[in-house]
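Quick note: the sequence shown uses the working numbering, first residue 845, plus one each step.
For each residue, glycine too, the CB sits at the ideal point set by N, CA and C.
Report on one structure; see the data block that follows.
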Amino acid sequence: MRIEIWFDFICPYCYLGERKLELALEKFEHRDEVTLIFKSFELNMASNATKGKDISQIISDKYGVSYAQAKANNDSIAEAARQVGLDFHFDLLKVGSTRLAHEIAHYAASKGKDQELIRRFFRGVFSEGIDIEDEDLLFKLSKELGVDLNEFKAQREKGVFSAKIQGDEDEAGKLGINSIPHFIIDGKYTVSGAQSPEYFLDALQKAYRN
């Protein structure tokens, strides 16, 4: 069973949704038959308009809601995260280009290390306030997980990973995916957003039976 997941590293619902899927998989009796395939979907939040602003102000400006409304929504997300064992600190969150992180994730996938690395980057962004554009830091975290990036650098220069990211985003466009997280279970069932673990488990069971 394949589960394809379109996501971005600065998308809180993506981290939350991935965690809820993980909880569902813990209760899924056919977990050993499941392969997770992470696909890039860049939100492109990096711009001069976001520099020096906290995430609540960025959301307020982007969606035309009050700062108080944006902060209340982020507080609600943080509470939902806490309930599934995640520790969100929106006051520390730094938005930026996630291109390099996605490139590293694609490389890690070729080494069977993508799930571990993606979760580590998520935790860095939402719990520790890391700069997702900091190449030295991302390389350091990758190395700590046993992902040697010497080969990565050569492939990156050839545009291998940029092509993979573009392929993922082109596929999303063809499928009509315009928001994330977006999950496709075995090509049969679609789950959009950070649904409950029970919702995911039901979808997993239906996909397996059919």
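9 Å Cβ cutoff met for residue i and residue j
i: F970; j: F932; result: yes
i: I976; j: R846; result: no
i: L961; j: R863; result: no
i: K957; j: V1004; result: no
i: I903; j: N888; result: no
i: V928; j: L1048; result: no
i: E1013; j: S884; result: yes
i: A925; j: I881; result: no
i: C855; j: I1021; result: no
i: I1009; j: E947; result: yes
i: G968; j: L981; result: yes
i: Y951; j: Q999; result: yes
i: E886; j: S941; result: yes
i: K871; j: P1041; result: yes
i: F934; j: D898; result: yes
Start and end residues, beta strand (DSSP E) containing residue i
i: I962; result: Segment 958 to 967 is the alpha helix (DSSP H) holding I962; no beta strand (DSSP E) there.
i: E848; result: 846 to 851
For residue j and residue i, believed in contact at Cβ under 8 Å, the rounded distance
i: G973; j: L937; result: 6 Å
i: S920; j: Y911; result: Going by Cβ atoms, the distance from S920 to Y911 rounds to 15 Å, so no, they are not a contact pair.
i: F1044; j: F965; result: Not a contact, Cβ separation roughly 22 Å.
i: A1038; j: L860; result: 4 Å
For residue i, the three-state DSSP class (helix, strand or coil)
i: H950; result: helix
i: E877; result: helix
i: K1050; result: helix
i: S941; result: coil
i: F932; result: coil
i: F970; result: helix
i: F882; result: strand
i: L1045; result: helix
Bounding residues of the alpha helix (DSSP H) (the contiguous stretch that carries residue i)
i: I921; result: 911 to 927
i: L865; result: 856 to 871
i: S900; result: 899 to 907
Proximity test, Cβ basis, 9 Å: residue i and chain D
i: F853; result: Structure shown: chain D not included; a single protein chain is present.
Run through the region 975 to 1040 for me and flag every whole beta strand (DSSP E) of 3 or more residues, listed as ranges in chain order.
Listed in chain order, the complete beta strand (DSSP E) runs (minimum 3 residues) inside the region 975 to 1040 are 1026 to 1029, 1033 to 1036.
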